[in-house]
Amino acid sequence: MGKKIFLMILFCASILLVSSELQISGLNGNIIISGNPTDFEITENPDNEYLEINVKNCQNNGIIGSPELPKYTKLVNLPDNGNYTVKEIDYDFNEISLNKKIIFSGWEDNEEPNQEIYEIDRWIPEEIVFIGDPVIMRSIRFSQVSVAVVQYNPVLNKIRLLKDINIEFEIDHSITKNPIKNNRNVSTSTFNKIASSKIFGIEPDRSENQGSYLFICPDNCVSALQPLARWKEKLGFKTKIVPKSETGSTFNQIRNYLQNAYDNWEIPPEYVVLVGDVDGSFVIPADYIDGYLTYTDVTDHSYTLLEGDDYFPDIMIGRLSIRTIQQLQTIINKIISYESNPETSSDWFTRAIMLSVVMNGWYEYNSGRETVMACREKLLDFTYTFVDTFISPYQSNNNYIDNFINTGCTFVNYRGFGGPGYWSSSWGSMYNINDVQSLNNGYKLPMITSIVCGGGDYATYDYPSCFGETWLNSGSPALPKGAIGFIGPSEHDTKTPFNNANDIGIYQGITQEELFRCGEMLLRGKMELYINYPNCHDMDGNNDANDSDQFYFYVYNLLGDPGLSIWTDVPQNVDISFAPIITDGDNYLNIEISDQLENKTDFVIAVTNDDSLIARGITDAFGSVNIPLNLEIGEYSVTVSKYGYIPKTEDLTVEDGNLISLNDFSFLNETFSGSLIDLEITLKNTAEFNAENINLELISNDEFIEIISGTFSIAEMIPEATTTTQFQCQIGNEWFDGAIKELFLNVSSNLGDDTFLIPVEIISPEMILSEFMVVNSDNALIQNQTDEVYIRLLNGGNQESGDLSVALECSNGKATINSGVSSYPNIDIDSSVLCEVPFEITPGDVITGDQATFNLEISNNGNVVQILTFSIPIGIIDQDSPTFSDYG
303 MGKKIFLMIL FCASILLVSS ELQISGLNGN IIISGNPTDF EITENPDNEY
353 LEINVKNCQN NGIIGSPELP KYTKLVNLPD NGNYTVKEID YDFNEISLNK
403 KIIFSGWEDN EEPNQEIYEI DRWIPEEIVF IGDPVIMRSI RFSQVSVAVV
453 QYNPVLNKIR LLKDINIEFE IDHSITKNPI KNNRNVSTST FNKIASSKIF
503 GIEPDRSENQ GSYLFICPDN CVSALQPLAR WKEKLGFKTK IVPKSETGST
553 FNQIRNYLQN AYDNWEIPPE YVVLVGDVDG SFVIPADYID GYLTYTDVTD
603 HSYTLLEGDD YFPDIMIGRL SIRTIQQLQT IINKIISYES NPETSSDWFT
653 RAIMLSVVMN GWYEYNSGRE TVMACREKLL DFTYTFVDTF ISPYQSNNNY
703 IDNFINTGCT FVNYRGFGGP GYWSSSWGSM YNINDVQSLN NGYKLPMITS
753 IVCGGGDYAT YDYPSCFGET WLNSGSPALP KGAIGFIGPS EHDTKTPFNN
803 ANDIGIYQGI TQEELFRCGE MLLRGKMELY INYPNCHDMD GNNDANDSDQ
853 FYFYVYNLLG DPGLSIWTDV PQNVDISFAP IITDGDNYLN IEISDQLENK
903 TDFVIAVTND DSLIARGITD AFGSVNIPLN LEIGEYSVTV SKYGYIPKTE
953 DLTVEDGNLI SLNDFSFLNE TFSGSLIDLE ITLKNTAEFN AENINLELIS
1003 NDEFIEIISG TFSIAEMIPE ATTTTQFQCQ IGNEWFDGAI KELFLNVSSN
1053 LGDDTFLIPV EIISPEMILS EFMVVNSDNA LIQNQTDEVY IRLLNGGNQE
1103 SGDLSVALEC SNGKATINSG VSSYPNIDID SSVLCEVPFE ITPGDVITGD
1153 QATFNLEISN NGNVVQILTF SIPIGIIDQD SPTFSDYG
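Residue 303 is where the sequence shown starts when you use our numbering, and the numbers rise one by one after that.
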């Protein structure tokens, strides 16, 4: 650990007494970064030649050879076009003299400082605000804003520590860089989860949207892949196996196939699995970019770039790199067994091991050791009970690694240095291909995060299978061993600062953001690179390992299944109840989660047959779901799954109903909120004899839909006869755009009784708070000061709003509403409007930074249709203010 610079202690102490970190606040289109980044320390690096400056909640970064300076960086949500620009900037600074130069990026890799930069007699960076180009990640568009909280003059050897920062940003829609061109929203719950955890302005979404699984393989692998595709269907995924004879055999042809699937399939692919090596008898080609130590670096990342002109992925991809059918069968058996029937005889689910190496008595490569120790602490603060370490040279017997892995663990994380066939120690090889092949860990398969040079180079000529491939394909179908997946780079000389950020990002995602799928881990690590290196986004083929986070997006690949979730705790069992025998006339299946579970929400229920996914549903908070079906006579499977639970499959039998069935139904008008709708239904007598005394009753168990006319009687229906009738319902006034409500039709006759499901998708406007504009010079609510406020609403629904009246109230007593009534003209879909009359608000005498919570009651035609709840900070944030915001 570095020692503190004692000449700075008094200065630091005086500031820390009133420390306040930077924060981001605001609404769509207008954001503010403000505060005082005064919680900092200056330390000497291990060889005592340079100083390191660390500021809380800021990232140290810099191009290799240049000074490492801290920046406050945020990813921010964007509309379909435009980008943020600086509207107003204000700050002050304290100037501090140093007794040594600031450390340069890359010092641990024995890089040299860039003397030209260290001879500059001006403050760097010259511009303290950086705004990145817009990027698109599966229909989610965002950019990066970064504030340099420290400026450095190398010749004067002084720093400026910024304070009293207040920077306002606004959207400039004239900026045309990288707009959303495809109006088709293909976002999924998985990508939204990643985005909402890291991108300011994106809220978590319980959307059930899910992409499909796509396997691309040589033609002679199609048959072997069938069990894996069938298993993924039991987990609720639509799957497709596509041979090269259909996609084409070149990289460009396969990428074009993926582009068409992404643009046009009803359920675009989300998880893509490439099955094959880049040479040999089972080939799926890859792309190549200019390398650093190596001439070229192999990559599958290029396949994922399907929307926009940036380098953020739009699908998650992994490669099952094989040279024989037996290797493929081994990997398939590993995946299916890992997900469906994990080894539960020990506590291996909460064990992991962190490996690293230091040189010359901690003076070289020390940060790799510090990085894995930080990852260890994250796991121990999560669900893990035992996270061991193996640090060379202080541990040297790699039999210990063998024994630990053979006993069972879920993660093996290495940060140090290595090559395409090994991890290095201070004396030579710490662990290599032969060691992996000698394991006997069976089904206790870890995920390998090999954040070090070369281990993922599946195009290397040095070995038939590189280090990562060996971990994945070791063992046999009957006796598996090795790993379940491997993340590592193809470049043979990756750089320490980028690798450290990548590693921390992966384990931050696992432990803090519930990112358990292998593809999520790969993406989360890369996002950490992007966040940490805002000035290193370009890649020009020259020296990219030293100065391009984009380079690492390409060279880090996944060998494994991108949609597979790694266990991080002992899995639980789950039971379901449903009618095991139904008739071919039944049009839905009700499934209930067993009573003993406390959390019954978000279980995936999949109904499958021998060759496809038939239907899928997700349980509600009560553990219940009604899945619409139209099944032929036969045998089916019902599988329940959720992360943290062992999937369970039950049999479902469909028999000849010999009853009256619901042949068809339709709504004769749009199912808008507040509308009177006519429902037309058609019944059919599927029995072999007459149906008599037929009584129909339409039922709503949801008070949101009122049945106006819901009964009908039919005297008789002969076999195969149909009859049509209509019912009428009143949909409630509240706005629930996209919600699925349920009606039930009870049918009774001499043939028996049955109930049919009729789902109703609600169409309505949906108001989103877009802007809260305070009419004063500070653009903020000020204690005991009365100001006018305009609120902009955005219609994110699927129906225009009509004229609106609104009433504003403060629900937590932090502000007084002097004038709380206003109105809006009609707001079109995807349009926004300011209120016609301003509100008048007087905040109370509260602590600066405290938040007033408001409810905005929205009415249409005298009916309350929606209530928006939001919080706004009070006061001007300065060094004396506490913070109430997200620091991210």
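Every residue gets a Cβ at the ideal spot worked out from N, C-alpha and C, and that includes glycine.
Outcome for residue i when other beta-carbon atoms lying within 10 angstroms are tallied against a minimum of 16
{"i": "Tyr696", "result": "exposed"}
{"i": "Asp877", "result": "exposed"}
{"i": "Asp599", "result": "buried"}
{"i": "Ala923", "result": "exposed"}
{"i": "Val457", "result": "exposed"}
{"i": "Gln810", "result": "buried"}
{"i": "Gly843", "result": "exposed"}
{"i": "Ser1015", "result": "exposed"}
{"i": "Pro1145", "result": "buried"}
Cβ shell of residue i (< 8 Å), same chain only, five flanking positions each side left out
{"i": "Asp1188", "result": "Confidence is the limiting factor: at Asp1188 the pLDDT is only 38, short of 50, which leaves the residue's position unreliable, though a coordinate-based value still follows. Contacts found: Gln325, Ile326, Phe502."}
{"i": "Pro529", "result": "Ile634, Ile638"}
{"i": "Tyr667", "result": "Glu410, Ser658, Val659, Val660, Met661, Gly718, Phe719, Thr798"}
Delimiting residues of the beta strand (DSSP E) encompassing residue i
{"i": "Gln629", "result": "Note, Gln629: premise wrong, no beta strand (DSSP E); alpha helix (DSSP H) at 627–642."}
{"i": "Phe1014", "result": "1013–1019"}
{"i": "Trp725", "result": "724–726"}
Rounded straight-line distance, which links the Cα of residue j to that of residue i
{"i": "Glu894", "j": "Val488", "result": "30 Å"}
{"i": "Leu774", "j": "Cys711", "result": "15 Å"}
{"i": "Tyr613", "j": "Lys376", "result": "18 Å"}
{"i": "Lys797", "j": "Ala847", "result": "6 Å"}
{"i": "Arg653", "j": "Glu413", "result": "36 Å"}
{"i": "Leu463", "j": "Phe800", "result": "25 Å"}
{"i": "Gly976", "j": "Gln1032", "result": "7 Å"}
{"i": "Ala989", "j": "Gly1054", "result": "11 Å"}
{"i": "Pro779", "j": "Glu937", "result": "29 Å"}
{"i": "Leu1170", "j": "Asn1052", "result": "51 Å"}
{"i": "Thr1013", "j": "Leu860", "result": "58 Å"}
{"i": "Tyr420", "j": "Tyr393", "result": "26 Å"}
{"i": "Val1123", "j": "Met1075", "result": "16 Å"}
{"i": "Tyr856", "j": "Ile496", "result": "19 Å"}
{"i": "Ser939", "j": "Ile883", "result": "12 Å"}
{"i": "Ile334", "j": "Tyr605", "result": "36 Å"}
{"i": "Gly721", "j": "Asp795", "result": "8 Å"}
{"i": "Glu1191", "j": "Ile750", "result": "Past the edges of the chain, shown from 303 to 1190, lies residue 1191, and the structure says nothing about it."}
{"i": "Asn960", "j": "Ser648", "result": "51 Å"}
{"i": "Phe1172", "j": "Val674", "result": "39 Å"}
{"i": "Val277", "j": "Ile1174", "result": "No information on residue 277 is available, as it lies outside the stretch 303 to 1190 that the chain covers here."}
{"i": "Glu672", "j": "Gly770", "result": "24 Å"}
{"i": "Asn1157", "j": "Ser1079", "result": "25 Å"}
{"i": "Ile1178", "j": "Ile1119", "result": "20 Å"}
{"i": "Asn965", "j": "Ile1020", "result": "15 Å"}
Beta-carbon contacts of residue i that lie in its chain and below 7 Å, excluding the five residues immediately before and after
{"i": "Asn700", "result": "Met732, Tyr733, Asp737"}
{"i": "Val1148", "result": "Gln1085, Lys1116, Ile1176"}
{"i": "Ser914", "result": "Glu535"}
{"i": "Asn708", "result": "Leu741, Asn742, Asn743"}
{"i": "Phe788", "result": "Ile750, Ser752, Gly758, Gly770, Trp773, Leu774, Leu861, Gly862"}
Closer than 7 Å: residue i CB and nearest the ligand MN heavy atom
{"i": "Ser1015", "result": "This structure lacks the ligand MN, and indeed carries no ligand of any kind."}
Boundaries (first-last residue) of the alpha helix (DSSP H) holding residue i
{"i": "Ile735", "result": "735–739"}
{"i": "Cys677", "result": "668–682"}
{"i": "Arg826", "result": "820–834"}
{"i": "Asp474", "result": "Per DSSP, Asp474 belongs to no alpha helix (DSSP H); it is in the beta strand (DSSP E), 460–474."}
{"i": "Phe406", "result": "Taken as a continuous stretch (DSSP letters only), Phe406 belongs to no alpha helix (DSSP H), as it is neither H nor E."}
{"i": "Val857", "result": "851–857"}
Own chain residues within Cβ distance below 6 Å of residue i, not counting five before or after
{"i": "Gln417", "result": "none"}
{"i": "Pro520", "result": "Lys546, Gly578, Phe584"}
{"i": "Val574", "result": "Leu516, Ile617, Ile619"}
{"i": "Asp474", "result": "Gly384, Thr387"}
Tell me, please, whether the region 538–554 touches the region 814–828 by the rule of three or more beta-carbon pairs shorter than 8 Å. no
Between the region 680–692 and the region 754–762, do at least 3 Cβ pairs fall closer than 8 Å? no
Is it true that the region 360–374 meets the region 405–423, where meeting means three or more beta-carbon pairs spaced less than 8 Å apart? yes
Count the C-beta pairs between the region 992–999 and the region 1075–1094 that are closer than 8 Å, then say yes if the count reaches three, no if not. no
Touch test, the region 470–482 against the region 860–873, Cβ-Cβ under 8 Å, three pairs minimum: no
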